[in-house]
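Read the structure below first, then the notes.
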Ligand SMILES: CC(C)(COP(=O)(O)OP(=O)(O)OC[C@H]1O[C@@H](n2cnc3c(N)ncnc32)[C@H](O)[C@@H]1OP(=O)(O)O)[C@@H](O)C(=O)NCCC(=O)NCCS
């Protein structure tokens, strides 16, 4: 599936996709719909803009965005990348969008000089763990309560780039 970096002028589509993601999969993310639904336009414009240290990606299906993920480069050396906000709308799942988003995120992070790509995943999120494992990520022992629902546990899953 085609993956493109989001443009600043696509911030409305980004907001719409992100709010649908938070409503659809509340235990998949550190943040909540309540925390993000009233964010000002500038918040979404900034997120859509990207830069040297961050990019947000869209997976495009049926000529519209159907999935998204964001990559951030952490400060320090060696450079490490972090991926957040992976979501594919239910009608387009199991068609390769998640895998394509990971490939694009990994190649953007590699080009930005990162040697590894990390993300936090709810350890009970079987679909996501299966997706990442198939894409070459391996679970680490780094765990913490899921910020949006501390009764659940999230774990770092890591891919060497
Ligand atoms: C997890 C998610 C992103 C997967 O997206 P997707 O586009 O369906 O993934 P893909 O089609 O690229 O799947 C690639 C492989 O991952 C694995 N996989 C994906 N979904 C799976 C599921 N529900 N059960 C088991 N394995 C799954 C399979 O190995 C799959 O290959 P296959 O379809 O040939 O069997 C999607 O289900 C989603 O958005 N879930 C809600 C949000 C979420 O959990 N985000 C992760 C936050 S860390």
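Residue numbers (the numbering used here): -5 to 155.
The C-beta atom is built at its ideal place from N, Cα and C for all residues, glycine as well.
Given the structure is predicted, the values throughout are model-derived calculations rather than measurements.
- Scanning its chain for C-beta atoms nearer than 8 Å, with the 5 sequence neighbours on each side dropped, one finds around residue 1 the residues 42, in chain order.
- When DSSP assignments are scanned along the segment 101 to 145, the uninterrupted stretches of beta strand (DSSP E) that are 3 or more residues long and fall wholly within it turn out to be 110 to 116 and 132 to 140.
- Ligand 1 never approaches residue 99 closely enough for any of its heavy atoms to be under 6 Å from the residue's Cβ.
- With contacts defined as CB atoms closer than 7 Å, residue 99 and residue 77 qualify as a contacting pair.
- Here the C-alpha atom of residue 109 lies approximately 5 Å from the C-alpha atom of residue 155.
- For residue 153, DSSP records a beta bridge to 111.
- Sequence-distant partners of residue 82 (beyond 5 residues in either direction) whose C-beta falls short of 7 Å from its own C-beta, in its chain, are 53, 60, 61, 91 and 92.
- Counting the other Cβ atoms within 10 Å of the Cβ of residue 55 gives 16 or more, which makes it buried.
- Straight through space, the alpha carbons of residue 49 and residue -2 are spaced by roughly 10 Å.
- Across the set 136, 138 and 150, the C-alpha of 150 shows the shortest separation from the C-alpha of residue 126.
- Rounded to the nearest whole angstrom, the C-alpha separation of residue 138 and residue 24 is 11 Å.
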